[in-house]
Amino acid sequence: MASPVLETHGLVKTYGHGESEFQALKGITTKIWNAESVAVVGKSGSGKSTLMHLLALLDAPTQGSIVLSGQMTSQLGAREFSQLRNETFGFVFQQFFLNPQQTVLENVTLPLKIAGVSKTERNQRGMETLEQLDMAEKAKNKATTLSGGQKQRACIARALINEPTVIFADEPTGNLDTATGEIVEDILFDLHTLRMITLIVVTHDEDLAAKCQRRLIMQDGQILREEHGVTA
Amino acid sequence: MRTLDLVGTAVSNTSRSKLRTALTVMAIVIGAFTLTVTAGIGSGVNKYIDTMMASFGDEDQLYILDETNMDQAGAPGSAGAPPEYDPETAGASSEFGFITLDAADIDVIQDIDGVESVNPMVSVNGEYLETPDGTAYALDQFDAPQNASGLEFAAGGAPQGNDEITVPTAWLEIFDTEDPHAVIGQEIEIGLSNAIGEPQSATAEIVGVTEEAISGLGGNPMPSIALNDALYQLQTSGMDIDDQYMAVTAVVTDLEGNEDAVKADLEDQGYLAMTVEDQIGAIQGIINMVTYILIGFALIALLAASFGIVNTLLMSVQERTREIGLMKALGMSGGRVFALFSLEAAIIGLLGSGIGIGLGVITGVAGNQFLTSGPLSDVAGLTLFEVEPAALGLIGLLIVAIAFVSGTLPASRAARKDPITALRHE
């Protein structure tokens with residue numbers, strides 16, 4: 256935890272213009288350390304999703320700056336943003352976003368396909384990752400045939416396949432029942448501790464948040480307070 | 157993303173909604189089919205006219221008339237208003253109201269630089285043709301021997317010697333045979349009347365049997381140049397009259413290079429000279445015009461089809477908004493997203509042009525086969541449809557290009573999608 260993987264300075268994000276102008280973030284300055292697990296907690300409208308989008312380089316801040324592994328991201332072009340996302344981040348979404356037309360393996364290897372990895376290597380790495388998540392026998396199935404928990408495991412496999420330094424999980428258990436949700440949580444935290452992957456979870460589930468080393472509690476576009484230590 | 161993966165993804169995306177792709181492809185097929193058939197007919201008919209062109213005389217010949225004829229005829233190269241009245245020209249002898257040329261004109265033309273030789277075009281009117289069994293059949297016109305190079309033969313070859321002649325296939329009946337080879341070598345007698353009405357005759361040997369072309373060439377017996385001249389001498393014997401020619405042909409050295417100079421010299425001397433191409437140009441102009449109009453219609457069909465592509469892909473972009481958002485979130489650049497959708501458009505274009513051109517070629521070849529061996533089998537050398545690989549390639553390229561351009565609007569819309577908004581899209 257010596258160096259911060261992500262650092263923000265006075266992040267402001269404004270949507271709309273004039274009368275309809277809405278400030279989603281009102282100056283966020285924080286650091287996320289390497290191999291840390293952080294939960295961004297808050298009610299809807301608190302700005303937690305916006306913060307995650309900015310941290311994940313999916314959106315650019317109106318004001319302020321983001322430093323990724325010591326590099327100022329504001330100087331980068333669109334193409335470099337894309338490449339950074341592809342190489343350093345993994346995404347786990349609440350709605351999974353699996354392509355129903357494609358097999359599990361094809362879905363899981365999509366980041367490698369985008370990165371330009373050959374098909375043989377893609378499939379090999381895809382199978383390895385699926386095996387780690389006990390999903391190997393589902394590799395050739397269409398994504399639609401999976402249960403909710405299996406879908407989220409496929410989603411995690413997709414987030415893992417490019418060996419990311421940071422995994423962003425946006426309400427990863429939001430669409431799952433409690434039991435399945437806990438399994439998925441265990442997988443995520445195992446990856447975090449065993450592989451030293453930085454985990455940034457956006458959630459309003461307090462149990463999930465409690466498992467993280469640090470919690471950023473957000474309200475009205477600002478960090479209200481920080482909590483440290485695993486409380487659950 | 158690797159280009160190969162990009163193509164693979166585009167292919168599987170187009171096959172995702174098969175009915176929609178099929179309908180869009182269908183519209184392009186119609187355009188491609190029309191273009192292929194039109195272009196094929198255009199080149200087929202033009203090729204036939206080219207072969208016909210040869211039947212109007214050698215390509216290194218100039219066909220020369222007195223200029224005054226053309227001034228009134230309104231033919232290609234005519235000057236519009238009639239020339240001023242000139243009693244001397246008006247006094248010149250004429251045939252059917254035609255200002256003719258005579259020996260003096262031939263000398264003048266012969267002296268022009270570049271003219272190798274001058275052959276008067278004389279027309280002989282026969283009266284009868286007697287077959288070896290002694291029966292005489294009515295005979296009217298001969299084909300002009302200058303056009304021998306355009307003949308198509310069922311048997312034998314062109315008349316060249318002093319007393320050689322060809323007969324058309326339709327005349328085999330009077331020789332009591334159906335085999336064109338059977339009449340080669342037979343002796344016939346040609347009868348005609350001279351200037352004062354006395355009967356004259358000459359014998360000739362059949363050296364060829366000709367097919368009648370659409371131009372009519374080959375539909376009458378054709379004597380050799382020498383035999384034609386001999387018959388003409390018989391026809392004009394009995395009276396001391398100057399020879400009059402409706403036209404003469406001149407062989408010019410390197411016609412292509414000297415054409416303008418020789419024509420200008422002839423014009424200065426009061427003659428109008430036309431190459432075979434000049435004479436045929438008007439017909440080809442019309443064929444080309446019709447071809448261009450039909451190609452225009454095909455292009456309009458393609459234009460309509462291109463809107464189909466735009467529509468299909470816009471729907472596809474809309475439906476796949478979240479997928480696009482995911483790909484962009486996972487690091488696919490806008491340029492690659494653009495390439496993906498443009499490629500899908502190009503694939504639709506490729507499918508449509510492939511099927512359309514294929515159907516067009518099959519229809520054209522089969523139709524040509526059916527017509528030229530069926531209803532139009534009497535027309536020798538007729539081609540209605542010709543496959544030109546270069547033209548087909550060009551049509552394919554054009555359609556893929558049109559499809560690609562149509563794809564750019566939906567593709568740029570897809571490329572500009574913001575990943576967050578796209579992922580939130582329901």
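Protein chains in written order, with this note's numbering: chain A, 256 to 487; chain B, 157 to 582.
Where is the CB? At the ideal position from N, CA and C, for every residue including glycine.
Tell whether a beta-carbon distance below 8 Å holds between G480(B) and A578(B).
Position 324 of the second sequence, counting from 1, holds the residue named residue 480(B). Position 422 of the second sequence, counting from 1, holds the residue named residue 578(B). This sequence places Ile at residue 480(B); Gly is not what is there. Closer than 8 Å, so yes.
Counting pairs of Cβ atoms below 8 Å between the stretch 264–274 of chain B and the stretch 349–365 of chain B, do you hit three or more?
Contact between the stretch 264–274 of chain B and the stretch 349–365 of chain B is absent, because fewer than three Cβ pairs lie under 8 Å.
Helix, strand or coil for Q238(A), going by three-state DSSP, please let me know.
In this structure chain A extends from 256 to 487, so residue 238(A) is not present and cannot be described.
Boundaries of the alpha helix (DSSP H) in which I504(B) is found, first to last residue
Locating residue 504(B) in the second sequence gives position 348, where the first residue counts as 1. Residues 490–529.
Nearest by alpha-carbon distance to R478(B): which of G302(A), G300(A), K268(A), P355(A) is it?
If you number the second sequence from 1, residue 478(B) lands on position 322. Considering only alpha carbons, the answer is P355(A).
By the criterion of Cβ-Cβ separation under 7 Å, what are the contact partners of L365(A) in chain B?
Here residue 365(A) refers to the residue found at position 110 when the first sequence is read from its first residue. When 7 Å is used as the limit between beta carbons, L365(A) is near these residues of chain B: L486, in chain order.
Quick one: Cα of S462(B) to Cα of V363(B), how far?
Translated into positions along the second sequence, residue 462(B) becomes position 306. Translated into positions along the second sequence, residue 363(B) becomes position 207. The alpha-carbon atoms of S462(B) and V363(B) are separated by roughly 60 Å.
Is the beta carbon of P366(A) less than 8 Å from the beta carbon of I416(A)?
Indexing the first sequence from 1 puts residue 366(A) at position 111. Indexing the first sequence from 1 puts residue 416(A) at position 161. Yes, Cβ-Cβ distance for P366(A) and I416(A) is below 8 Å.
Mind the definition here: the stretch 292–301 of chain A touches the stretch 461–472 of chain A only if three or more C-beta pairs lie below 8 Å; say whether that holds.
Yes, they touch.
DSSP-derived helix/strand/coil call for P566(B)
Here the question's residue 566(B) lines up with position 410 in the second sequence. Note: P566(B) maps to helix in three-state DSSP.
As a quick exercise: from L506(B), E329(B), A438(B), N275(B), pick the residue whose alpha carbon is nearest that of G549(B).
Here residue 549(B) corresponds to residue number 393 of the second sequence, with the count starting at 1. Of the candidates L506(B), E329(B), A438(B), N275(B), the one whose C-alpha sits nearest the C-alpha of G549(B) is L506(B).
So, are the CB atoms of L486(B) and R340(A) less than 8 Å apart?
Here residue 486(B) refers to the residue found at position 330 when the second sequence is read from its first residue. Here residue 340(A) refers to the residue found at position 85 when the first sequence is read from its first residue. Between L486(B) and R340(A), the C-beta gap is smaller than 8 Å, which places the two residues in contact.
Just to confirm the assignment, what range does the alpha helix (DSSP H) spanning K368(A) have?
Taking the first sequence and counting its residues from 1, the one referred to as residue 368(A) is at position 113. For K368(A), the enclosing alpha helix (DSSP H) has its first and last residue at 365–370.
Are the CB atoms of M395(B) and D322(B) within a distance shorter than 8 Å?
In the second sequence, residue 322(B) corresponds to position 166, counting from 1. In the second sequence, residue 395(B) corresponds to position 239, counting from 1. Note that residue 322(B) is Thr in the sequence shown here, rather than Asp. Cβ distance not < 8 Å, so T322(B) and M395(B) don't count as in contact.
Using a Cβ cut-off of 9 Å, pull out every chain B residue sitting near A279(A), in sequence order please.
Position 24 of the first sequence, counted from the first residue, corresponds to residue 279(A). The CB of A279(A) never comes closer than 9 Å to any CB in chain B; the least such distance is about 12 Å.
Start and end residues, beta strand (DSSP E) containing M430(B)
The residue labelled residue 430(B) in the question sits at position 274 within the second sequence. Residue range 427–431 is occupied by the beta strand (DSSP E) that includes M430(B).
Can you tell me the Cα-Cα spacing of A235(B) and I442(B), whole angstroms?
Taking the second sequence and counting its residues from 1, one reaches residue 235(B) at position 79. Taking the second sequence and counting its residues from 1, one reaches residue 442(B) at position 286. Unreliable placement is indicated for A235(B), whose pLDDT of 49 sits below 50; the coordinate value is still reported in the next sentence. When rounded, the distance between both Cα atoms is 21 Å.
For the stretch 299–332 of chain A, list every residue whose C-beta sits within 7 Å of some C-beta in chain D, in sequence order.
Protein chains A and B are contained in the structure displayed, whereas chain D is not.
Distance check for S305(B) and L390(B), CA to CA, integer angstroms please.
The residue labelled residue 390(B) in the question sits at position 234 within the second sequence. The residue labelled residue 305(B) in the question sits at position 149 within the second sequence. Distance from the CA of L390(B) to the CA of S305(B), rounded to the nearest whole angstrom, comes to 26 Å.
Would you say G265(A) and T284(A) are within 8 Å of each other, going by their C-beta atoms?
In the first sequence, the residue the question calls residue 265(A) occupies position 10. In the first sequence, the residue the question calls residue 284(A) occupies position 29. Cβ distance < 8 Å, so G265(A) and T284(A) count as in contact.
Identify which residue in A311(B), G374(B), S393(B), W327(B) has its Cα closest to the Cα of N350(B).
Numbered from 1 along the second sequence, position 194 holds the residue referred to as residue 350(B). Proximity to N350(B) across A311(B), G374(B), S393(B), W327(B) peaks at S393(B), based on C-alpha coordinates.
S275(A) (DSSP reduced to helix, strand or coil)
Taking the first residue of the first sequence as 1, we reach residue 275(A) at position 20. Helix at S275(A).
Under 8 Å between C-beta atoms, does R408(A) make it to chain B?
Position 153 of the first sequence, counted from the start, is the residue given in the question as residue 408(A). With 8 Å as the cut-off, R408(A) does not count as an interface residue toward chain B.
Residues of the stretch 371–398 of chain A in Cβ contact with chain B at a cutoff of 7 Å, in chain order, please.
Only G371 from the stretch 371–398 of chain A bring a Cβ to less than 7 Å from some Cβ of chain B.
To the nearest angstrom, how far is it from the Cα of M445(B) to the Cα of G200(B)?
On the second sequence, residue 445(B) is found 289 positions in, with the first residue counted as 1. On the second sequence, residue 200(B) is found 44 positions in, with the first residue counted as 1. When rounded, the distance between both Cα atoms is 15 Å.
Rounded straight-line distance, which links the Cα of V556(B) to that of V456(A)
Here residue 456(A) refers to the residue found at position 201 when the first sequence is read from its first residue. Here residue 556(B) refers to the residue found at position 400 when the second sequence is read from its first residue. Each residue's Cα considered, the two are about 47 Å apart.
In chain order, what residues of the same chain have a beta carbon less than 7 Å from the beta carbon of N414(B), not counting five sequence neighbours either side?
On the second sequence, residue 414(B) is found 258 positions in, with the first residue counted as 1. Cβ neighbours of N414(B) beyond the five flanking positions: G270, V408.
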